[in-house]
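Position in the sequence shown (first residue = 1) + 116 = this note's numbering.
Note that CB positions come from ideal geometry on N, CA and C, so glycine has one too.
Values in this document were obtained by computation on a predicted structure and should not be read as measured data.
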Amino acid sequence: MDWLKAAIDYGIIGFLIVMSMVAVGVALERRNFYRKLNVSSFGNKKELELALTRKLHIIATVGSNAPYIGLLGTVLGIMLTFSTMGEQGFMDASKIMVGLALALKATAIGLVVAIPAVTSYNFLVRQAKELILTWEIANGRERI
């Protein structure tokens with residue numbers, strides 16, 4: 117079961133870190149795109165919406181799945197702790213706490229990844245809606 121500790125530390129937590137970097141990268145790219153965007157260059161509202169919402173699904177996917185991946189790490193960490201307890205019989209409480217700390221670390225990192233991703237997604241969606249409304253005002257069209 118030693119492989120399970122490495123799978124949690126490097127597999128689950130490593131994957132969460134990669135997900136976080138992807139979400140931050142996409143959020144920064146979208147933020148820069150929105151800043152430089154000239155809404156008057158779009159003749160069609162649907163083209164503008166398509167350009168504004170491109171890649172936002174990546175951030176939403178990270179935000180919605182990171183807690184579950186962290187939870188998977190927690191379940192695996194608790195399984196590791198119980199397995200070690202079963203193999204060794206009577207255990208020192210410090211060994212149990214180390215196993216549970218590993219489990220909870222995965223959950224914490226999952227939440228640390230998810231919260232900024234969801235916040236970024238909501239912020240970017242709001243900006244996209246504002247840019248669409250700006251286009252509609254400039255083109256004399258009402259939102260239906």
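Item	Value
Alpha-carbon spacing of V241 relative to I194, whole angstroms	37 Å
Inter-stretch contact (C-beta, 8 Å, three-pair minimum) for the segment 134-144 and the segment 197-216	no
DSSP-derived helix/strand/coil call for L153	coil
N177 and A222 closer than 8 Å at C-beta	Sequence check: residue 177 is Thr here, not Asn. No, they are not a contact pair.
Length of the line joining the Cα atoms of V261 and G202	Residue 261 lies beyond the range of the chain shown here (117 to 260); nothing can be said about it.
Under 8 Å between C-beta atoms of A244 and L192	no
Distance between L196 and I185 (C-alpha atoms, nearest Å)	17 Å
Buried or exposed (CB count within 10 angstroms, at least 16 for buried), Y126	exposed
Segment contact, 8 Å Cβ cut-off, at least three pairs: the segment 146-165 with the segment 247-256	yes
Option in R170, Y150, L218 with minimal Cα separation from I129	L218
Any non-hydrogen atom of the ligand NAP closer than 7 Å to K121 Cβ	Of ligands this structure carries none, so the ligand NAP is not represented either.
Contact check, G179 vs A233, beta carbons under 8 Å	yes
E163 versus L144 - alpha carbon distance	21 Å
Euclidean distance between Cα positions of R259 and P183	Residue placement at R259 cannot be trusted, given a pLDDT of 48 that sits under 50; the coordinates are not used to answer.
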